[in-house]
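Following the numbering used here, the numbering of the sequence shown begins with 164 at its first residue and continues without gaps.
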Amino acid sequence: MNKPVILDFDHSTGTIADAFRIELGQWQEAIRFGCSQAKFKQLQGELARQLPACYGTVLMGSGDYHHVSLLLIKRLQQYFSATNPIQIVIFDNHPDNMRYLFGIHCGSWVSYVAQLPFVSHVHVLGITSDDIGLAHCWENRLAPLFQGKLTYWCMDVQVGWAKKIGLQQAFRAFASPEELISAFIHAQQQTSESVYVSIDKDVLGKDVVQTNWDQGRMQLEHLLSVIAALNQRIIGSDITGEVSQWQYTSLLKRLLSAMDKQEPIPAVTLAAWQQQHHAVNQQLLTALAQHQQTAS
164 MNKPVILDFD HSTGTIADAF RIELGQWQEA IRFGCSQAKF KQLQGELARQ LPACYGTVLM
224 GSGDYHHVSL LLIKRLQQYF SATNPIQIVI FDNHPDNMRY LFGIHCGSWV SYVAQLPFVS
284 HVHVLGITSD DIGLAHCWEN RLAPLFQGKL TYWCMDVQVG WAKKIGLQQA FRAFASPEEL
344 ISAFIHAQQQ TSESVYVSID KDVLGKDVVQ TNWDQGRMQL EHLLSVIAAL NQRIIGSDIT
404 GEVSQWQYTS LLKRLLSAMD KQEPIPAVTL AAWQQQHHAV NQQLLTALAQ HQQTAS
């Protein structure tokens with residue numbers, strides 16, 4: 164079994180038995196929330212130097228680093244191609260497919276994944292965010308949706324606008340997590356393509372874990388059901404969504420993060436929340452190790 168990796172930007176993950184830890188605290192200000200394409204490329208080089216040849220699930224800390232998943236997925240291009248593609252399954256309360264003018268950030272990376280020639284399709288499961296509602300529809304990058312390479316699996320959001328512009332096939336709306344998960348598992352039974360799984364724990368309800376992002380309705384059992392159904396098709400995985408705090412020196416990042424309305428968290432509360440995350444991580448890591456291929 165390949166060992167998990169901790170990309171330790173924010174020191175929020177805690178101790179994971181047998182994990183290979185890469186200290187990246189010096190990158191926190193530059194990469195957290197978002198960065199220029201040039202800085203992102205520098206991080207890509209740093210990961211190429213430090214990641215082991217083979218590894219298991221990668222833990223990256225806060226959901227503010229979810230765009231780093233793109234770099235992990237790009238590493239799979241040596242194993243896959245347009246004629247032997249993979250699917251990407253993302254659990255997230257947000258589409259992460261929004262427009263961003265300053266490079267790449269945690270809310271815009273999905274469109275880049277959809278452009279990769281060895282990726283046949285991207286599924287984002289569990290969205291309840293208004294990011295895909297009418298008021299924010301213009302902020303979504305529509306190209307991968309029109310191209311049939313991206314599907315939003317959502318709940319509790321009015322997405323009728325999508326049908327009016329011919330995108331109904333890219334939006335799968337459900338009344339409950341159970342209905343969503345059942346439909347997704349059924350759809351996956353029609354294919355044998357390999358899968359990369361990326362989990363942002365803001366997809367989970369607040370009764371499971373607390374994050375400093377708005378959260379969805381999924382329960383841990385829903386994620387575990389999908390992981391089990393995908394079984395040995397999983398060829399890589401990552402986990403984000405830890406809770407941590409950071410005071411940016413960049414004025415732009417301070418302004419943009421303030422728009423997300425993330426409130427300061429007392430130290431005692433933060434520690435308790437991180438313990439919740441640790442317990443969830445252990446269950447996810449066990450399931451992913453059981454059902455993931457030994458590769459990558």
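We put the CB at the ideal spot given by N, CA and C, even for glycine.
Give the straight-line distance between the Cα atoms of residue i and residue j, rounded to the nearest whole angstrom.
| i | j | result |
| --- | --- | --- |
| A458 | M164 | The predicted model places A458 with a pLDDT of 49, which falls under 50 and marks its position as unreliable; any figure quoted below should be read in that light. A458 and M164: Cα-Cα distance of roughly 9 Å. |
| A306 | V431 | 44 Å |
| Y275 | L233 | 7 Å |
| D370 | C198 | 32 Å |
| I253 | P429 | 30 Å |
| Q332 | I295 | 14 Å |
| G208 | E342 | 41 Å |
| P427 | Q352 | 43 Å |
| I460 | Q382 | Outside the shown range of the chain, which is 164 to 459, sits residue 460, and nothing can be said about it. |
| A182 | I328 | 47 Å |
| A245 | Q378 | 34 Å |
| S292 | L235 | 25 Å |
| A391 | A325 | 31 Å |
| L387 | I290 | 17 Å |
| A311 | K204 | For clarity, residue 311 is Gly in the given sequence; the question names Ala instead. Each residue's alpha carbon lies about 28 Å from the other. |
| A119 | L210 | Because the chain spans 164 through 459 in this model, residue 119 falls outside it and cannot be assessed. |
| R380 | P340 | 7 Å |
| L279 | K237 | 8 Å |
| L433 | N375 | 10 Å |
Beta-carbon within less than 8 Å of residue i's beta-carbon, same chain only, minus the 5 sequence neighbours each way: which residues are those?
| i | result |
| --- | --- |
| I249 | L239, F243, F281, V282, S283, E356, S357, V358, Y359, I398 |
| G219 | M164, N165, K166, P167, V168, S400, L448, L451, A452, Q455 |
| T354 | Q250 |
| F337 | W316, C317, M318, L343, A346 |
| L330 | L305, L308, F309 |
Just reading off the beta strand (DSSP E) that residue i is part of, what are its end residues?
| i | result |
| --- | --- |
| A182 | Where A182 is concerned, there is no enclosing beta strand (DSSP E), given that its DSSP letter is neither H nor E. |
| Y359 | 357-363 |
| L235 | First-last for L235: 231-237, but that is the alpha helix (DSSP H), not the beta strand (DSSP E). |
| Y315 | 313-318 |
| V282 | 282-290 |
| Q250 | 249-254 |
| R335 | 334-337 |
Excluding sequence positions up to five away, which residues of its chain have a Cβ less than 7 Å from the Cβ of residue i?
| i | result |
| --- | --- |
| H441 | G177 |
| E186 | D171 |
| S175 | G224, S225, E405, V406, S407, Q437 |
| H268 | F196, G197, H230 |
| Q200 | G266, I267 |
What's the call for residue i, buried or exposed, on a 16-neighbour Cβ count within 10 Å?
| i | result |
| --- | --- |
| E405 | buried |
| N394 | exposed |
| N247 | exposed |
| W272 | buried |
| P258 | buried |
| L367 | buried |
| G270 | buried |
| H385 | buried |
| L415 | exposed |
| A206 | A small fix is needed here, since residue 206 is Leu in this sequence, not Ala. So L206 ends up on the buried side. |
| R335 | buried |
Leaving out the 5 sequence neighbours to the left and right, which residues in its chain are closer than 6 Å to residue i when beta-carbon positions are compared?
| i | result |
| --- | --- |
| V372 | K364, Q439, H440, V443 |
| Y411 | R417 |
| L222 | I169, T176, I402 |
| V287 | I253, D255, P258, Y315 |
| D227 | R195, F196, C269 |
| I348 | A392 |
| E302 | M261, R262 |
| S361 | S232, I253, D401 |
| A277 | V285, P307, K312, L313 |
| C300 | W324 |
Within the continuous alpha helix (DSSP H) that includes residue i, where are the two ends?
| i | result |
| --- | --- |
| L448 | 430-454 |
| I344 | 340-351 |
| I194 | 191-194 |
| V273 | 273-278 |
| L170 | Run containing L170: none in the alpha helix (DSSP H); it sits in the beta strand (DSSP E), 168-171. |
| W324 | 323-327 |
| L210 | 200-213 |
Within the segment 369-411, note down every full alpha helix (DSSP H) run reaching 4 residues or more, in order along the chain.
Runs of alpha helix (DSSP H) with 4 or more residues, each lying fully within the segment 369-411, are found at 383-393, listed in chain order.
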